[in-house]
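Novice:
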Amino acid sequence: MSTFASLGWPSTTGWHLWLVVGAACVGYAVGVRLSRDLRDAAYRIDDETSAPLPRSRWLVSPAVGVCWGLLAWRLGERHGGLDLPAYLVLATVGVALARIDADVHRLPAGLTYPAAVVVAGLLAVSSALTGNWAALVHALVTTGMGAVVYVVLVLLSGGQFGWGDVVLGTILAGALGYLSPVLPWLGILLAFVFASVVSVVGMVTGRITLKSRVAFGPYLLVGALTAILLVG
20 MSTFASLGWP
30 STTGWHLWLV
40 VGAACVGYAV
50 GVRLSRDLRD
60 AAYRIDDETS
70 APLPRSRWLV
80 SPAVGVCWGL
90 LAWRLGERHG
100 GLDLPAYLVL
110 ATVGVALARI
120 DADVHRLPAG
130 LTYPAAVVVA
140 GLLAVSSALT
150 GNWAALVHAL
160 VTTGMGAVVY
170 VVLVLLSGGQ
180 FGWGDVVLGT
190 ILAGALGYLS
200 PVLPWLGILL
210 AFVFASVVSV
220 VGMVTGRITL
230 KSRVAFGPYL
240 LVGALTAILL
250 VG
């Protein structure tokens, strides 16, 4: 038995290997287009235009490719791959949101709301085709619970969390809940762990202080992806 199999992870052989490679390549191509769309930072509003453009713009293309490949590896054999499209859409939008949030500390509703509709629609189609309605019920429940948790975090955080984080966190809670009711909570936990580690390193190196604003969107997204890879 392979190490992956002993861990409950999918093996990568035959058609699944080609799916992973193909998804990574197509994802990279999608990322190239996304990088071009983000290149001029047209998402910035008037009071954000004076800041220099991020130097990490080149990361967008490989980030989408890597996300697509990893998700194809983890979810490609689940229900014949019917669940996968929703998570590829979420990953693509997620990379864009991470880039924007890291730049201007804002998660535009023009991306999060359409993403929520598309992802929910794709998951509903998957449930209809597979008969896996229980997963959709789990997603609805965890969406509501996630919304409550993130609203509480906004109210208690003293400005460290924004309403964009609430929307993104709620979307991720539903998407993760579709795979397993445990995943949304693991995703939140991992997001806080990653954010804490990076913040401590930043303070030790003098790059940030206790008063610095931290873009939490990227950590929510990385936490969600890690949760899917570990348990999805």
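Numbering (the numbering used here), first residue to last: 20 to 251. Quick reminder that beta carbons are idealized off the backbone N, C-alpha and C, glycines included.
Is H124 helix, strand or coil by DSSP?
Specialist: One-based indexing of the sequence shown puts residue 124 at position 105. Reduced to three states, the DSSP call for H124 is coil.
Novice: Leaving aside the five residues before and after A153 along the sequence, list all residues of the same chain whose C-beta is less than 7 Å from its C-beta, in chain order.
Specialist: In the sequence shown, counting from the first residue as 1, residue 153 sits at position 134. There are no such residues.
Novice: Using alpha carbons as the reference points, say which of T228, R118, T224 lies closest to L239.
Specialist: Taking the first residue of the sequence shown as position 1, residue 239 is located at position 220. When each option's Cα is compared against that of L239, the closest is R118.
Novice: Indicate the three-state DSSP secondary structure (helix, strand or coil) for A153 in the structure shown.
Specialist: Along the sequence shown, read from residue 1 onward, the residue named residue 153 stands at position 134. Helix at A153.
Novice: Between which residues of its own chain and Y47 is the CB-CB distance below 6 Å, once the five residues before and five after are set aside?
Specialist: Locating residue 47 in the sequence shown gives position 28, counting from the first residue. Around Y47: S80, G84.
Novice: Flag this pair as yes or no: are the beta carbons of L101 and L148 separated by less than 7 Å?
Specialist: Mapped onto the sequence shown, residue 101 falls at position 82. Mapped onto the sequence shown, residue 148 falls at position 129. Yes; because the gap between Cβ atoms is below 7 Å, this pair is in contact.
Novice: Sorted by chain position, which residues of the same chain lie with C-beta nearer than 6 Å to H157's C-beta, five sequence neighbours on each side aside?
Specialist: Taking the sequence shown and counting its residues from 1, the one referred to as residue 157 is at position 138. Within the same chain, H157 has close Cβ partners G196, P200.
Novice: Quick check on the DSSP output: the alpha helix (DSSP H) that includes L226 runs from which residue to which?
Specialist: As a working mapping, residue 226 is identified with position 207 in the sequence shown. Residue identity differs from the one stated: residue 226 is Arg in this sequence, not Leu. Looking at the DSSP string, R226 is not in any alpha helix (DSSP H), and its letter there is neither H nor E.
Novice: Determine, using beta carbons only, whether G165 and A192 come nearer to each other than 7 Å.
Specialist: As a first step, residue 165 is located in the sequence shown; it is residue number 146 there, counting from the start. As a first step, residue 192 is located in the sequence shown; it is residue number 173 there, counting from the start. Result yes, Cβ atoms of G165 and A192 sit closer than 7 Å.
Novice: Under three-state DSSP, which class holds R97?
Specialist: Translated into the one-based positions of the sequence shown, residue 97 becomes position 78. Helix, per DSSP.
Novice: Note down, in chain order, each residue of its chain lying with its Cβ closer than 8 Å to the Cβ of V7, except the 5 sequence neighbours on either side.
Specialist: Past the edges of the chain, shown from 20 to 251, lies residue 7, and the structure says nothing about it.
Novice: Taking W34 as part of the alpha helix (DSSP H), name the residues at either end of that continuous run.
Specialist: Here residue 34 is taken as the residue at index 15 of the sequence shown, counted from 1. Note, W34: alpha helix (DSSP H), 33-57.
Novice: Counting pairs of Cβ atoms below 8 Å between the stretch 161-176 and the stretch 119-130, do you hit three or more?
Specialist: no
Novice: In angstroms with no decimal places, state the Cα-to-Cα distance between S69 and D120.
Specialist: Working through the sequence shown from its first residue, we reach residue 69 at position 50. Working through the sequence shown from its first residue, we reach residue 120 at position 101. For S69 and D120, the distance between alpha carbons rounds to 16 Å.
Novice: Give me the Cα-Cα distance between M222 and A234, rounded to the nearest whole angstrom.
Specialist: For the purposes of this step, residue 222 is taken as the residue at position 203 of the sequence shown. For the purposes of this step, residue 234 is taken as the residue at position 215 of the sequence shown. If you take the alpha carbons of M222 and A234, they lie about 15 Å apart.
Novice: Just curious, the alpha helix (DSSP H) that A192 is in, first and last residue?
Specialist: Working through the sequence shown from its first residue, we reach residue 192 at position 173. Residues 182-198.
Novice: For my contact list, R125 and G183 are in at a C-beta cut-off of 8 Å; report their separation, rounded to the angstrom.
Specialist: Working through the sequence shown from its first residue, we reach residue 125 at position 106. Working through the sequence shown from its first residue, we reach residue 183 at position 164. About 6 Å separates the two Cβ atoms, so the contact holds.
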